[in-house]
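Below is one structure; the comments refer to it alone.
Numbering (the numbering used here), first residue to last: 4 to 627.
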């Protein structure tokens, strides 16, 4: 596939005004040389979201969101990287170039893009047909009125009606035999043996029979994050099975990744800092009509990890709403399993179980939005639901029951990334099992427990003397106090203010480049990047890191937090971190020389200049 050249990205970020881009969806006010506003990615009352026009970068000191204009469009609108670049280029009046690629590859990519455009056009035409038929169907209108839906809600979500006609779409598509109708999922094809052909199998296949997939159903257009129609859902008006019918998997539509109503709910989700996941289209529309506008629905499939990851791009809290019956709890358990691998200390998942006689649609129509919001506030945190699920049906007052609970929890808790939340869940499980937390952690085969039979660390005090009591401090303060890593500190400053790279000594430069792990990799990349870009902005550095696959490593150092600090203010911090790295290297080398039996290495090091000293030592780096 053709790639977007890095030089074009840098030029684009130089032309784009990030204040204008962010200002389309965030109310910004001038604050010194920068602009401030309420963060669109989490709920806050005082502005902690800053946009720097000089650095072409945004950063929220509340939730940590940060990035360039490209990153803002990706996070705020759910765009892919190419789509965000394409939109900014269009606004800036720039033509998107393509790198040279194999001629056959270019042709295939162009054909695929053209094919997807035609599929979207076909779906758009069908949508117009369905809407027109709804206006002409008293029966369909009466059904929607009977469900309490207003005309405004029907128009907002683009509802339509597929007539009770085996080939109703022939009225809008004169060439009913067109393969595009099969590949878009609008038409079902069967071969001579009566087997259904999937859209991916339709091209060139012999089709014996064709008919409309949706017949005598209310239609619900399914949109992607950009608002383009990628498929349809249909609901029967009377009795019939299945009650809901969705488009099949196509080139545009993937059920395990898309969510109904997400396009319409994006701003409300960001405003609330929360998304509500329900089970039906009409639940989403009824809730929105009553003012609960931050709801979405899965598309006839269980919630997947891809769904959860997508939703966490818009907010930090997901509330799943399910029926309180057995089927609802099974669905909740599947949603929980999808959420566990993507949890973190900043993310929250809850589960709402409505009374058995209600779904969200009927509940909000009968009791109102305020009552529904109160139910949301009472939703069960994932940790509680998980622990209840682990212990469900087990006799935890017996050794056997506790062992079964640990066996049941091993895979579930093990799938949670290492975090304070995971530790708290293990502690809660230990309390429920009335078993020491270390034993539970060991039984769950989680890292961080001491092996059975291993000796405890020796006391720090002298034999026979009671240890000196340590000053008391809050537990969370002790847990959160990190060990200083001077190499990380230096690299963090250099990524936020790359111009400082030219201020450091040759020896310091060599030490960073030779450093193990991500610091060395980032230092080598920054050196190469600065050779080609004399005066980079933070936004250009950020997008170049993304292109090289190093963005995650850079984000782990959290350099964005330093963007607001002045270069002169950070220079002493950088100098101190680099000198600490140098001293550590000298000490290490002294120990190596002493181990080799060389005489008095300290005196030799003492009287030489630091840079010369380190340059000499660096020559021996490969054999250490």
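Heads up, the beta-carbon is just placed ideally off N, CA and C, and yes, glycines get one too.
All values derive from a computational prediction rather than experimental measurement.
- Collapsing the DSSP output to three states places residue 317 in coil.
- Separation of the CB atoms of residue 162 and residue 147 is rounded to 7 Å, and the pair is thereby assigned contact status at 8 Å.
- Here the alpha carbons of residue 184 and residue 291 stand approximately 32 Å from one another.
- For residue 287 against residue 298, the beta-carbon gap comes to about 5 Å, under 8 Å, which counts as contact.
- By a beta-carbon distance limit of 8 Å, residue 95 does not contact residue 24. Their separation comes to about 10 Å.
- Distance check between residue 134 and each of 257, 150, 172, 122 places 172 closest, using alpha-carbon atoms only.
- Residue 178 is classed as exposed because its beta carbon has fewer than 16 other beta carbons within 10 Å across all chains shown.
- For the pair residue 393 and residue 409, the Cα-to-Cα distance works out to about 8 Å.
- Residue 580 places its beta carbon less than 7 Å from that of residue 492.
- Per DSSP, residue 355 is not a residue of any alpha helix (DSSP H); the beta strand (DSSP E) it occupies stretches across 351 to 357.
- In its chain, beyond the 5 residues on either side, 495, 498, 499 have a beta carbon closer than 7 Å to the beta carbon of residue 562.
- The beta carbon of residue 337 sits closer than 6 Å to the beta carbons of 305 from its chain, once the five residues preceding and following it are set aside; these are given in chain order.
- Nearest Cα to residue 488 within the set 528, 567, 515, 93: 515.
- In the DSSP assignment, the residues bridged to residue 62 are 53, 69.
- Rounded to the nearest whole angstrom, the C-alpha separation of residue 302 and residue 314 is 14 Å.
- For residue 234, the enclosing beta strand (DSSP E) begins and ends at 232 to 239.
- DSSP lists 356 as the bridge partner or partners of residue 325.
- The C-beta distance from residue 7 to residue 88 rounds to 6 Å, short enough to meet the 8 Å contact threshold.
- Annotated three-state conformation of residue 141 is helix, per DSSP.
- In the structure shown, residue 212 falls within a strand segment according to DSSP collapsed to helix, strand and coil.
- The alpha carbon of residue 242 has as its nearest neighbour, out of 256, 293, 225, 219, the alpha carbon of 219.
- In the three-state reduction of the DSSP assignment, residue 302 falls in the coil class, being assigned neither a helical nor a strand state.
- Taking residue 417 as reference, the option from 403, 399, 436, 443 with the minimal CA-CA separation is 443.
- The beta carbon of residue 100 sits closer than 7 Å to those of 8, 11, all from its chain and outside the five residues before and after it, given in chain order.
- The region 9 to 52 contains, as complete beta strand (DSSP E) runs of 3+ residues, the segments 32 to 34, 37 to 40 (chain order).
- Nearest in C-alpha terms to residue 38, of all of 83, 552, 58, is 58.
- CA-CA distance, residue 300 to residue 262, rounds to 6 Å.
- Assignment of beta-bridge partners to residue 247 by DSSP yields 238.
- Of the other Cβ atoms in all chains shown, 16 or more fall within 10 Å of the Cβ of residue 224; this residue is therefore buried.
- Between the region 412 to 426 and the region 364 to 384 there are fewer than three C-beta pairs closer than 8 Å, too few to call the two in contact.
- Counting along the chain, residue 279 sits inside no alpha helix (DSSP H); it lies in the beta strand (DSSP E) bounded by residues 278 to 281.
- Counting along the chain, residue 426 sits inside the alpha helix (DSSP H) bounded by residues 423 to 436.
- Of the residues 153, 543, 318, 276, the one whose Cα lies closest to the Cα of residue 56 is 543.
- Of all alpha-carbon atoms in 333, 502, 547, the one lying nearest the alpha-carbon of residue 573 is that of 502.
- Under the rule that a run must span 3 or more residues, no beta strand (DSSP E) segment is found entirely inside the region 385 to 428.
- Taking each of 194, 559, 142, 226 in turn and checking the Cα distance to residue 213, the smallest one comes out for 194.
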